[in-house]
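Under the numbering used here, the residues of the sequence shown are numbered 820 to 1287, in order. A virtual CB, placed ideally from N, CA and C, is assigned to each residue, including glycine. This one's a predicted model, so the numbers in the text were calculated from it and none came from an experiment.
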Amino acid sequence: MLKNIGGIMYECYPLTAAQLLNLTNIKDGATHEVENIGTGQYLQMKLNIAALREALNRAVERCESMRLRIWKDPDTGEQWQYVVPYQNEFFEYYDFSEWKEEKVTEVLDKWTSQPFDTFGGKLSRIVIVSLPDGYNGFYINVHHACMDSSSVIAFTKDVIEIYSSLFYGLPYPKPMASYIGALKKDLTYEGSKKYQRDEEYWQKQLELPEPMYTDYTGQGRLLQLRKENKNRKQRWGLLASSDGRGNTITYELSVDSTMKIMEFARQYDLPVSVIILHAIRTVLSKFNNNEKDITITDLVSRRSTLDNKKCGGVRMHAFPLRTIMPLNTTVLESIRMIKKAQDELFIHADYDPLKVFGGLAEKFGGAPGSTYASVDFTYQPGTLAAIGESLKGIPFKSRWYSSGKQPKPMYITAMHRPSDGGLNFYFGYQTECATPEEIEFLYYFTGRVLFRSIENPDKTLKEIIDMT
């Protein structure tokens, strides 16, 4: 639909369910920087700054979602999105090579804490950066309504491959896919046969008995809520922050330990994500008096096709992944039950998550912000390892920076390091909801359960819990 925005006519489109899911984090009281994604992508090599500027410009030109704008109609309050034409940009260069990396991180965290004008302004910032120890690359801060982590990885890969073509004469990378093309397909979903099948599935889930909230710190929060609400049978929890203030703690798993997980996944033909989910689920059970009914919020990237992998934008949906297991369930049975539940969730992941969460609260009388999951989880299998023949073997590192705000009380991301393939676990948390000590406690027991499980796949959940 054509809209007159600032005297210019733009082809505008409604926001997607994934975008609206992200914007609820702003509506819930946090300021706009809660939606910032700040990352740095660095190679341990000298880079030609002019060639990198050109590569960045060409990558932005090829990625429509990097030129996305969101507009709120002042008369109706309706929200629309549109793509502005490409304009060449002179990306600033900052030389931090003589600084300590901790000081550089402070600066880049501060940059990441600067909010974008969500409704009308530019939604990204790119700066070329030199770090200590000979690392060079670029910092990017982008609004979550126009990019997610998968998009950032795809964009980075495109920049490096374009640079390799410009500077080393390697083949020019194939075009990125159209964000608008993917968006148009998404907008035909509601009312389709696929939508009807998904709605039937999620309605059946809502017909099940009420789930049980299991907190990553134990039963204390739920018991306190029951006392406050004078309801000894209350099953929903409430994790909330007044302003979204938060932090990120990163734990690096060794390559050897990562390979043990990968080998177990290959041996039993299982996704790595469900093995990690099994560990988190078992810990939540352990911390909550061996509870059998566990819900974790599972995030789905919705990028199964090549076009969706390369179209940019935000396609991440989040849904409750609920499993009910008796304590005599074995490790392998547990992981396969989680896989079955996740497979079903993935099949129906195009549905609007806000309808699912809203339906749960409405049916069971949960207060605004109520939940049955204390942990959100996502696994990112993609890395930047394959970035062009001339760069193979050159050390590469990716850094995630904090805006000082977090959209969720507890968000665990497992992602492979581009340098060696080992797993990093990122714990993004709101400081009103968790302490660093509680995060460390959760990670410690998740690791113990994870490795006890893959070492003893025929043991029961009760035996694994007792071993940890």
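Select from the options the residue whose C-alpha is nearest the C-alpha of residue i.
i       : options                              : result
Thr785  : Ile1068, Asp1034, Arg1051 and Ile945 : Limits of the chain in this structure are 820 at one end and 1287 at the other, which puts residue 785 out of reach.
His1136 : Leu821, Thr843, Gly825 and Glu911    : Thr843
Phe957  : Phe986, Gln863 and Phe935            : Gln863
Glu921  : Phe909, Leu950, Arg1040 and Gly1039  : Leu950
Thr1142 : Tyr901, Thr924 and Pro1028           : Pro1028
Met820  : Arg886, Glu880, Leu839 and Gln900    : Gln900
Ser1221 : Ile1080, Gly857 and Ser970           : Gly857
Ser1351 : Pro1200, Glu1256 and His1097         : Any question about residue 1351 goes unanswered here, given that the chain covers just 820 to 1287.
Gly1185 : Tyr1230, Leu871, Ser916 and Trp1055  : Trp1055
Tyr1032 : Val1133, Leu1103, Gly939 and Ile1284 : Leu1103
Thr1077 : Tyr1248, Leu887 and Gly1266          : Gly1266
On the criterion of 16 or more Cβ atoms from any shown chain inside 10 Å, does residue i qualify as buried, or is it exposed?
i       : result
Glu852  : buried
Glu1208 : Any reading at Glu1208 needs caution, since the residue's pLDDT is 49, under 50, leaving its predicted position unreliable; the model's value is listed next. So Glu1208 ends up on the exposed side.
Met1286 : exposed
Phe909  : exposed
Thr1124 : exposed
Lys1224 : buried
Lys1129 : buried
Gln1022 : exposed
Pro990  : exposed
Leu1118 : buried
Asn1048 : exposed
Ala1205 : Residue confidence is low: Ala1205 scores 49 on pLDDT, short of 50, so the model does not pin down where it sits. Its coordinate-derived value is still stated next. Exposed.
Asn867  : exposed
Tyr829  : buried
Arg1085 : exposed
Ile765  : Residue coverage of the chain in this structure runs from 820 to 1287, which leaves residue 765 outside it and unanswerable.
Asp936  : exposed
Asp892  : exposed
Which of helix, strand or coil does DSSP assign to residue i?
i       : result
Glu873  : helix
Asn1109 : coil
Lys1013 : helix
Glu1208 : With a pLDDT of 49 at Glu1208, under the threshold of 50, the modelled position of this residue cannot be trusted, and the question is left open.
Ala964  : coil
Phe1083 : helix
Ala836  : helix
Gly1056 : strand
Tyr1263 : helix
Val1194 : coil
Ile824  : strand
Val1119 : strand
Asn1127 : helix
Ser1104 : helix
Ile1143 : strand
Val1133 : coil
Phe1270 : helix
Gly1000 : helix
Leu1025 : helix
Lys1224 : strand
Glu830  : strand
Note the first and the last residue of the continuous alpha helix (DSSP H) segment covering residue i.
i       : result
Tyr987  : Ser968 to Tyr987
Phe1183 : Pro1172 to Phe1183
Trp930  : Glu920 to Thr931
Leu1164 : Val1150 to Ile1166
Asn1275 : Element bounds for Asn1275: n/a, residue is neither H nor E.
Gln1043 : Gly1039 to Asn1048
Would residue i and residue j be called neighbours here (beta carbons separated by less than 8 Å)?
i       : j       : result
Ser943  : His962  : yes
Pro1090 : Lys1158 : yes
Ile947  : Tyr912  : yes
Val978  : Ala874  : yes
Asp1112 : Ala996  : no
Glu1071 : Asn841  : no
Ile1166 : Val1093 : no
Thr1250 : Asn1066 : yes
Ala1192 : Thr1114 : yes
Asn955  : Asn907  : no
Pro1226 : Gly1063 : yes
Met1229 : Cys1252 : yes
Gln838  : Val1133 : yes
Gln860  : Ser1217 : yes
Phe1196 : Ile1099 : yes
Pro1139 : Val1175 : yes
Which stretch, first to last residue, makes up the beta strand (DSSP E) that contains residue i?
i       : result
Gln898  : Gln898 to Val902
Met1229 : Met1229 to His1235
Asp952  : Here Asp952 belongs to no beta strand (DSSP E), and DSSP marks it neither H nor E.
Glu1071 : Gly1065 to Glu1071
Asp914  : Tyr912 to Asp914
Ile889  : Leu887 to Lys891
Asn1243 : Leu1242 to Gln1249
Lys1216 : Phe1215 to Tyr1220
Looking at the ligand NAD, does it come within less than 7 Å of residue i, judged from the CB to the closest heavy atom?
i       : result
Val1102 : Among the components modelled here there is no ligand, and therefore nothing to report on the ligand NAD.
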